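Participant: Per the numbering used here, the sequence shown starts with residue 4, numbered consecutively.
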Amino acid sequence: MLNQRLASFNKVVAIGGGHGLGRVLASLSFLGDRLTGIVATTDNGGSTGRLRQDQHTIAWGDLRNCLSHLTPRPSLSSQLFDHRFIGNNELSGHNLGNVILHALDQLCVRPLDAVKLVSSLLKINTSIIPMSEASTHLTALTYCGNKIIGELSVDEMKEAPVALSLEPKVDATIEACDAIVNADLIILGPGSFLTSIIPPLLLPKIAKSIQNSHAKVILIDNLTDEFSVANQFSICEKINWIHQVVGSEIISDVIQQYQLPSTQNSEHSAIKFHQFDLVSSHHKGLHDKTALGDAICQITRI
Numbered sequence: 004m005l006n007q008r009l010a011s012f013n014k015v016v017a018i019g020g021g022h023g024l025g026r027v028l029a030s031l032s033f034l035g036d037r038l039t040g041i042v043a044t045t046d047n048g049g050s051t052g053r054l055r056q057d058q059h060t061i062a063w064g065d066l067r068n069c070l071s072h073l074t075p076r077p078s079l080s081s082q083l084f085d086h087r088f089i090g091n092n093e094l095s096g097h098n099l100g101n102v103i104l105h106a107l108d109q110l111c112v113r114p115l116d117a118v119k120l121v122s123s124l125l126k127i128n129t130s131i132i133p134m135s136e137a138s139t140h141l142t143a144l145t146y147c148g149n150k151i152i153g154e155l156s157v158d159e160m161k162e163a164p165v166a167l168s169l170e171p172k173v174d175a176t177i178e179a180c181d182a183i184v185n186a187d188l189i190i191l192g193p194g195s196f197l198t199s200i201i202p203p204l205l206l207p208k209i210a211k212s213i214q215n216s217h218a219k220v221i222l223i224d225n226l227t228d229e230f231s232v233a234n235q236f237s238i239c240e241k242i243n244w245i246h247q248v249v250g251s252e253i254i255s256d257v258i259q260q261y262q263l264p265s266t267q268n269s270e271h272s273a274i275k276f277h278q279f280d281l282v283s284s285h286h287k288g289l290h291d292k293t294a295l296g297d298a299i300c301q302i303t304r305i
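#1: Whether or not the stretch 187-203 and the stretch 16-26 are in contact is what I'm after, with contact meaning three or more pairs of Cβ atoms, one per stretch, closer than 8 Å; do they touch?
#2: Straight-line CA distance for Phe-230 to Ser-50?
#3: What is the DSSP secondary structure of His-140, counted as helix, strand or coil?
#4: Just mark Arg-55 as buried or exposed, buried being the case when its beta carbon has 16 or more other beta carbons within 10 Å.
#5: For Lys-287, which of helix, strand or coil comes out of DSSP?
#6: Let's see if you can read the secondary structure: which residues bound the alpha helix (DSSP H) around Phe-84?
#7: Assuming Asp-65 and Ala-43 form a contact by the criterion Cβ under 8 Å, report the distance between their Cβ atoms to the nearest whole angstrom.
#8: Three or more C-beta pairs closer than 8 Å, one from the stretch 154-165 and one from the stretch 209-219: is that the case here?
#9: Going residue by residue through the stretch 8-49, where are the continuous alpha helix (DSSP H) segments of at least 4 residues, counting only ones entirely within it?
#10: Which residue's Cα is closest to the Cα of Leu-222: Thr-145, Gln-235, Phe-276 and Asp-181?
#11: Starting from Leu-169, follow its DSSP beta bridges and name the residues at the other end.
#12: Identify which residue in Ile-61, Arg-67 and Ala-233 has its Cα closest to the Cα of Arg-26.
#13: By how many angstroms is the C-alpha of Glu-93 removed from the C-alpha of Ala-179?
#14: Figure out for me which residue from Gly-194, Glu-252, Gln-214 and Ser-255 has the closest Cα to the Cα of Asp-228.
#15: Pull up the distance between the alpha-carbon of Val-121 and that of Leu-99, whole angstroms please.
#16: Do Thr-176 and Leu-110 have their beta-carbon atoms positioned less than 8 Å apart in this structure?
#17: Indicate whether Val-118 and Leu-141 have their beta-carbon atoms separated by less than 8 Å.
#18: What three-state label does DSSP hand Ile-189 in the structure shown?
#19: Which first and last residues belong to the beta strand (DSSP E) in which Leu-222 is found?
#20: What residue range is occupied by the uninterrupted alpha helix (DSSP H) comprising His-271?
#21: Can the beta-carbon of Val-184 be found less than 8 Å from the beta-carbon of Leu-226?
#22: If distances are taken between C-alpha atoms only, which option among Leu-31, Phe-12, His-22 and Lys-14 comes closest to Leu-295?
#23: I'd like the ranges of any alpha helix (DSSP H) spanning at least 4 consecutive residues and lying wholly in the stretch 201-252.
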């Protein structure tokens, strides 16, 4: 049924980071090579943050997370890729998948080549592309004019930032821009709004590619509150943020959990808000993969 409903879409692109994007990719994995994930690479926490600090590499954590969501389970390869070292040594806390990606990056010409190699080893057909192949940090500007540097620090802000930027400025991955321009459907979210969804959109070439694309653009809202300053934003404020960053009113549809109050208002009268029962039976903060995939398919027919 799902394949039939999305039969008219040759190229679907999902943009974001971490568990949220991974959930979307897993929901639509039946699309195979017709699906592309463009992944934020600004994470500076945990194993990823330590690798970035020690090795001056891009953030691998969200890329690994997306690959993990697409890995056939159960399998030895999925267990190894998700393995986190324990003990009281330098490896403690590191994720083996992050280390593998970094090791392959050192053997390859480009970080994207490392991702492609892992995808091949894990038998993943979906294309996973880092938003940029150069290291950069998310930076927030406060009302007082102070700069807050790094995803972890941005999430811990008490007041919403005035603006976000990437420092240093880096180029978007060419393949990411090409995928967006040629897409029939673009999906944003769910996930940490300021630190997963917004970072790829801060790259001028990605923003321009979205503007130049003829794709339908949908936003998937979170199921639960974020543990970050972004929790202060309503869905309408998130839409305004996205439109301001991209430079165009791109969103046509929003997917939400059905228990939320109606969001439709005059400010976004051109946007359709759709509500579904999306909560996973295993975790109230996670979208059920089948329900989410079905919801995406349903609104593409409206």
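We treat Cβ as the ideally placed atom computed from N, Cα and C, and that holds for glycine.
Since the structure is predicted, the reported quantities are computational estimates derived from the model, not experimental observations.
Facilitator: Well, looking at it:
#1: yes
#2: 20 Å
#3: strand
#4: buried
#5: coil
#6: 79-85
#7: 5 Å
#8: no
#9: 21-30
#10: Phe-276
#11: Leu-141
#12: Arg-67
#13: 34 Å
#14: Gly-194
#15: 12 Å
#16: no
#17: no
#18: strand
#19: 219-223
#20: First-last for His-271: undefined, no H or E at that position.
#21: no
#22: Leu-31
#23: 201-204, 207-215 and 238-249
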